[in-house]
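In the working numbering, the protein residues as written are 10 to 220.
Written out as structure tokens, the structure is:
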């Protein structure tokens, strides 16, 4: 049984992941702003299925890796810390564009195409792949039972968190865009808070020892 504390910390990391602009967020917001809420929700369904693909692949891969190469933990740990530091820089770097201001309008697409494009965007999203492969191992311990089921549990936490936040963003993209346009100082503050927390999490993972 995984400790509640670890699940809460992981949920926080998942929240930061979904709040950090990336291909999924950019696509969902653009689709919602250009074609409406219904199109955004259909696209989100495809994105969530893509999360499931990442979850299953990572759960199977991490289980095999932990059993075959114990030192792989160290490699993944430092890769995860470096990745979080990169995300922190992306959050605070100057000149970053707001995802709520899409530069190119999207043409209307059928529901089937919306779902397929959401799925493909999610599966090919390097941010999600890196998160699953480098962050998962930091919260998995052989002492807590099956590595596979621990990974699946973490995956469900990530999917639930990402779905909930992305759904709200998709439904209220237009309102959020107008609010940020009228309150740019809050957008700057959000970037620095997110960057600081991500950097702190990177340090935490770098200091983590194999359990």
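Even glycine gets a Cβ: it sits at the ideal position worked out from N, Cα and C.
What you are looking at is a predicted structure, and each value in this text was computed from that prediction instead of being measured.
So the candidates are 59, 47 and 41; which of them puts its Cα closest to the Cα of residue 130? The shortest C-alpha separation from residue 130 is found at 59.
For residue 162, the three-state DSSP class (helix, strand or coil): helix
Cβ-Cβ separation, residue 67 to residue 173 (assumed contact under 8 Å), whole Å: Their Cβ separation, rounded to whole angstroms, is 20 Å, which puts residue 173 and residue 67 out of contact at 8 Å.
Check this for me: beta carbons of residue 22 and residue 144, under 9 Å apart or not? yes
Using a Cβ-Cβ cutoff of less than 6 Å, which residues in the same chain neighbour residue 41 once the five nearest sequence positions on both sides are dropped? Excluding sequence neighbours, residue 41 sits near 49, 179 and 182.
Look at residue 198 and residue 97 and say whether their C-beta atoms are less than 9 Å apart. The answer is no: Cβ separation not under 9 Å.
Let me know the secondary structure DSSP gives residue 31 once reduced to three states. coil
Measure the alpha-carbon distance for residue 62 versus residue 25 and round it to whole angstroms. 20 Å
CB-CB under 7 Å to residue 205, same chain, minus the five flanking residues each way: which ones, in chain order? none
With a threshold of 16 other CB atoms inside 10 Å of the CB of residue 31, please say whether the residue is buried or exposed. buried
Mark residue 216 as exposed unless 16 or more other C-beta atoms lie within 10 angstroms of its C-beta, in which case mark it buried. Label assigned to residue 216: exposed.
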